[in-house]
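Asker: Residue numbers (our numbering): 23 to 328.
Heads up, the beta-carbon is just placed ideally off N, CA and C, and yes, glycines get one too.
Please find one structure pasted underneath; my questions will follow.
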């Protein structure tokens, strides 16, 4: 099978298999139910209808998510402090570090939490594209400035690196993105488009390309819809390691806890199913005619002649 720009590396695919359970647990009961037989096997001789009923009676006690949240919360129980040597401009940036109104403390919490789930997360330093012939004064007037983007482990589908001048640096990264655009057929709706952003380190700067899947002569192909150059020397993607396995890679640090929570999910399903069966009585009547009626409930009794 031929590969495309959207084909993950084998290392990424193997790591994603390890991250699947922790990530699903973070989604709670609904996510575990959607996973279905992956984490709640269907029993032998159990019909499909009976399995679905059992699945939808099962609720998750989410000890894994609580642990991740508690551990992350303890790290950021006190807000991130900036020293007196930090330039005032950076302090202003920190109040809206991602250009979505999120401050540095909340952003750092999200980076840490993502790392605790997947073993690693990334921070990408981005900057809006400059207008043609714009000056520095124009940038200041328009509010153009750097900002941070959280890149989760699932999005970084591939990278290349090498040692240059004694430093291990990235020479290429591929990031999967999902962006919303206006629906051309409905002015009140938006549609989501999947794309792959590629950064390449060159001798003259960092080149970026954006690929989207489109129909070309009846076939689906990934084509470049945007590209350009930056004046930066390096690719501005920085990893946060919660459980480093190698450069730019990590695995869930709480994997064993995730397995324990999965076992509890399965055990709780068995317990609720047992209670459901035990709580539904099987009524048996003897000595009644075809026209006799039987009332079951409080303040009633049944009599029979045999």
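Please return the same chain residues whose Cβ sits closer than 6 Å to the Cβ of residue 132, not counting the five positions on each side in sequence.
Answerer: Within the chain shown, numbered from 1, the residue matching residue 132 stands at position 110. Closer than 6 Å at the Cβ level, and outside the excluded window around residue 132, lie 172.
Asker: Who are residue 169's beta bridge partners in DSSP?
Answerer: Walking along the chain shown from the start, residue 169 turns up at place 147. Bridge partners of residue 169: 148.
Asker: Kindly confirm or deny that the region 51-60 and the region 74-92 touch, where touching means at least three C-beta pairs closer than 8 Å.
Answerer: Contact holds: three or more Cβ-Cβ distances are below 8 Å.
Asker: I'd like the span of the beta strand (DSSP E) that includes residue 202, first residue to last.
Answerer: Within the chain shown, residue 202 is the residue found at index 180, counting from 1. Looking at the DSSP string, the run of the beta strand (DSSP E) that includes residue 202 is 189-204.
Asker: Taking only three categories from DSSP, how would you classify residue 102?
Answerer: One-based indexing of the chain shown puts residue 102 at position 80. Residue 102: coil per DSSP, three-state reduction.
Asker: Within 8 Å, do at least three Cβ pairs link the region 195-210 to the region 296-305?
Answerer: Short answer: they don't touch.
Asker: Return yes when the Cβ of residue 136 is within less than 9 Å of the Cβ of residue 174, no when it is not.
Answerer: Here residue 174 refers to the residue found at position 152 of the chain shown. Here residue 136 refers to the residue found at position 114 of the chain shown. Yes, Cβ-Cβ distance for residue 174 and residue 136 is below 9 Å.
Asker: Give the DSSP bridge partners of residue 242, in chain order.
Answerer: For the purposes of this step, residue 242 is taken as residue 220 along the chain shown, with counting starting at 1. Answer by DSSP bridge pairing, in chain order: 237.
Asker: Taking residue 151 as the reference, which of 99, 82, 249, 273 has the closest Cα?
Answerer: The residue given as residue 151 occupies position 129 in the chain shown. It is 249 whose Cα lies nearest to the Cα of residue 151.
Asker: From this set, 41, 72, 26, 254, which residue's C-alpha is nearest residue 292's C-alpha?
Answerer: Residue numbering aside, residue 292 sits at position 270 when the chain shown is read from its first letter. Nearest of 41, 72, 26, 254 to residue 292, Cα basis: 72.
Asker: What three-state label does DSSP hand residue 41 in the structure shown?
Answerer: For the purposes of this step, residue 41 is identified with residue 19 of the chain shown, where counting begins at 1. Here residue 41 sits in helix by DSSP.
Asker: Looking at the strands, I want to know which residues DSSP matches up with residue 184.
Answerer: Mapped onto the chain shown, residue 184 falls at position 162. Looking at the DSSP assignment, residue 184 forms a beta bridge with 191.
Asker: Determine the direct distance from the alpha carbon of residue 225 to that of residue 189, and round the result to whole angstroms.
Answerer: Reading the chain shown from its first residue, position 167 is the one you call residue 189. Reading the chain shown from its first residue, position 203 is the one you call residue 225. One C-alpha to the other measures close to 16 Å.
Asker: Check each candidate in 47, 98, 84, 140 and name the one with the smallest Cα separation from residue 37.
Answerer: On the chain shown, residue 37 is found 15 positions in, with the first residue counted as 1. The shortest C-alpha separation from residue 37 is found at 140.
Asker: Along the alpha helix (DSSP H) that carries residue 115, what are the first and last residues, could you check?
Answerer: Looking up residue 115 in the chain shown gives position 93. Here the alpha helix (DSSP H) through residue 115 covers 110-116.
Asker: According to DSSP, simplified to helix, strand and coil, what is residue 119?
Answerer: As a working mapping, residue 119 is identified with position 97 in the chain shown. In this structure, residue 119 counts as coil in the three-state DSSP scheme.
Asker: Note the first and the last residue of the continuous alpha helix (DSSP H) segment covering residue 292.
Answerer: Counting from 1 along the chain shown, the entry for residue 292 is found at position 270. Unbroken alpha helix (DSSP H) run through residue 292: 277-300.
Asker: Check the DSSP bridge columns for residue 134 and list the partner residues they point to.
Answerer: Sequence index remark: in the chain shown, residue 134 carries index 112 (1-based). Residue 134 pairs with nothing; no bridge assigned.
Asker: In the DSSP assignment, the alpha helix (DSSP H) including residue 107 goes from what residue to what residue?
Answerer: For the purposes of this step, residue 107 is taken as residue 85 along the chain shown, with counting starting at 1. From DSSP, residue 107 is part of no alpha helix (DSSP H); its letter is neither H nor E.
Asker: Give me the residue from 134, 268, 64 with the minimum Cα distance to residue 93.
Answerer: Within the chain shown, residue 93 is the residue found at index 71, counting from 1. For residue 93, the nearest C-alpha among the options comes from 134.
Asker: Could you give the first and the last residue of the continuous beta strand (DSSP E) run that contains residue 222?
Answerer: Translated into positions along the chain shown, residue 222 becomes position 200. Residue 222 -> beta strand (DSSP E) spans 212-224.
Asker: Hey, does residue 69 have any beta-carbon neighbour from chain B nearer than 9 Å?
Answerer: Among the chains in the structure shown there is no chain B, since it carries only a single protein chain.
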